[in-house]
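Trainee:
Number of protein chains: 2
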Amino acid sequence: MKIGELAKKSGLSAHTLRFYEKQGLIKVNNRSESNYRIYNNADLDTAKFIKRCRDMGFSLEEVEVFLSIRSDRPAHICADAKNITAIKITEVEDKISELQQILIALHKLSDACCGGNESAELCSIIDALDNDKEQDKTEA
Amino acid sequence: MKIGELAKKSGLSAHTLRFYEKQGLIKVNNRSESNYRIYNNADLDTAKFIKRCRDMGFSLEEVEVFLSIRSDRPAHICADAKNITAIKITEVEDKISELQQILIALHKLSDACCGGNESAELCSIIDALDNDKEQDKTEA
DNA sequence: ATAGACTTTAGAGTAGACTCTAAGGTCAAC
DNA sequence: GTTGACCTTAGAGTCTACTCTAAAGTCTAT
Numbered sequence: 000m001k002i003g004e005l006a007k008k009s010g011l012s013a014h015t016l017r018f019y020e021k022q023g024l025i026k027v028n029n030r031s032e033s034n035y036r037i038y039n040n041a042d043l044d045t046a047k048f049i050k051r052c053r054d055m056g057f058s059l060e061e062v063e064v065f066l067s068i069r070s071d072r073p074a075h076i077c078a079d080a081k082n083i084t085a086i087k088i089t090e091v092e093d094k095i096s097e098l099q100q101i102l103i104a105l106h107k108l109s110d111a112c113c114g115g116n117e118s119a120e121l122c123s124i125i126d127a128l129d130n131d132k133e134q135d136k137t138e139a
Numbered sequence: 000m001k002i003g004e005l006a007k008k009s010g011l012s013a014h015t016l017r018f019y020e021k022q023g024l025i026k027v028n029n030r031s032e033s034n035y036r037i038y039n040n041a042d043l044d045t046a047k048f049i050k051r052c053r054d055m056g057f058s059l060e061e062v063e064v065f066l067s068i069r070s071d072r073p074a075h076i077c078a079d080a081k082n083i084t085a086i087k088i089t090e091v092e093d094k095i096s097e098l099q100q101i102l103i104a105l106h107k108l109s110d111a112c113c114g115g116n117e118s119a120e121l122c123s124i125i126d127a128l129d130n131d132k133e134q135d136k137t138e139a
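Which chain is which? The protein sequence lines are L and Y, in order.
Heads up: the first sequence begins at 0 in numbering that gives the first Met the number 0, then just goes up one per residue.
Heads up: the second sequence begins at 0 in numbering that gives the first Met the number 0, then just goes up one per residue.
1) Find out if the Cβ-Cβ distance for the pair I37 of chain L, K1 of chain L is shorter than 9 Å.
2) Would you call G23 of chain L buried or exposed, if buried means 16 or more other Cβ atoms sit within 10 Å of its Cβ?
3) By a C-beta neighbour count over all protein chains shown, 10 Å radius and 16 as the cutoff for buried, is H106 of chain L buried or exposed?
4) Whole angstroms is fine: what's the gap from H144 of chain L's alpha carbon to I124 of chain Y's?
5) Taking only runs that begin and end inside the segment 43-95 of chain L, name each unbroken beta strand (DSSP E) of 3 or more residues, in chain order.
6) Measure the alpha-carbon distance for N40 of chain Y versus A78 of chain L and round it to whole angstroms.
7) List the residues of chain Y whose Cβ lies closer than 8 Å to the Cβ of H106 of chain L, in chain order.
8) Residues in its own chain within less than 6 Å of D44 of chain L by CB, not counting five upstream and five downstream?
9) Cβ closer than 9 Å: which chain L residues qualify as neighbours of S118 of chain Y?
10) Is the closest heavy atom of the ligand NAD to the C-beta of I88 of chain Y under 8 Å?
11) Roughly how many angstroms lie between the CA atoms of D135 of chain Y and S9 of chain L, to the nearest whole one?
12) Identify each residue in the segment 0-26 of chain Y for which the Cβ-Cβ distance to at least one residue of chain L is less than 7 Å, and report them in chain order.
13) Please report the Cβ distance between A119 of chain Y and R72 of chain L, rounded to the nearest whole angstrom; I am assuming they are in contact, meaning their Cβ atoms lie under 8 Å.
14) Please report the straight-line C-alpha distance between L121 of chain Y and S31 of chain L, rounded to a whole angstrom.
15) Does the beta carbon of I37 of chain Y come closer than 9 Å to any beta carbon on chain L?
16) Can you find a C-beta in chain Y that's less than 9 Å from the C-beta of N82 of chain L?
17) Given H14 of chain Y, which residues of its chain have a CB within under 7 Å of its CB, disregarding the five upstream and five downstream residues?
18) Who are the neighbours of H93 of chain L on chain Y, taking C-beta pairs under 9 Å?
19) Short of 7 Å in beta carbon distance, which residues of its chain neighbour G56 of chain Y, apart from the five on each side in sequence? Order them along the chain.
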């Protein structure tokens, strides 16, 4: 199949497929006489593999490692794959915690403000952003 | 005070303060004879205000809006500030949901794998990334 | 034979928010 | 009078992952 078909079947754009090739994630072995990239089902599997990794939050660098494990499994051990996953889990957990902290702070901001058509002269959102002591007051 | 002191007191770097100035978030009114930027306490308050906004996840564009409300409160209404906050809350909530979905998927990946020194020939992480049907199996 | 859809390439552009560099000027202390 | 810490500028570089462009070649259908 040509790149357009691979794009459609994998869910990646043709641009992105060429980009991944440039990054060394995908190798194209076949070219048509007119120099078009020709892909087979194994290439489709690889493209889908990469897409699944990306959808799970892995960076291209991490995908590269997964691909190298995948391409020569006996040369690797389960720990190789599991460690990357464990690190990613920690990263995602940390990010969620951070966002939850932010969310709490945002709700605190929002709840204190009427949000109406009143002049913002006394707006407690601006007050809170302006002054740390606003928070202390809330906690006191 | 000069930029170094403002940096220390605000928690922003001197580079960042100059960058914010270039972006129009901060205006510097005073310059010393030797052309050094001279800041006062109001400038410090503004710098801290911006930092607090950033820490709460607001983009520089959003900070700009908050600053304009702050600089002329009677010209604005509470809804101006509250709407931005509400949108940000939704964004953060969406991002958290997305990350939680990813986290579930990552745990599923991780739990299926022994993670030991065994050869990755049968590694279920790579299997799962390679094949949608792996997931169907789990769900069946 | 020609329109329209597809493909090719190298390389530039995008987003957001910094972060750094080079080459120079200033200032306080010893 | 010199060291070292600070300041100035315009502009380039960083990061990640695309995304797009231009100019050209190819394929399919009518």
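Glycine residues also receive a C-beta, built at the ideal position from the N, C-alpha and C atoms.
Mentor: Result, derived from the coordinates:
1) yes
2) exposed
3) exposed
4) Nothing can be reported for residue 144 of chain L: it is not among the residues displayed for chain L, which extend from 0 to 139.
5) none
6) 55 Å
7) I88
8) none
9) R72, P73, A74, H75, I76 and C77
10) Ligands in the displayed structure: none, and consequently the ligand NAD is not present.
11) Low confidence applies here, because D135 of chain Y scores a pLDDT of 45, under 50, leaving its location unreliable; read the following figure in that light. Near 18 Å, if we compare the C-alpha coordinates of S9 of chain L and D135 of chain Y.
12) none
13) 5 Å
14) 35 Å
15) no
16) yes
17) none
18) A small correction: the amino acid at residue 93 of chain L is Asp; His does not occupy that position in the sequence shown. Those within 9 Å of D93 of chain L in chain Y number zero; the least Cβ separation is about 10 Å.
19) K87 and V91
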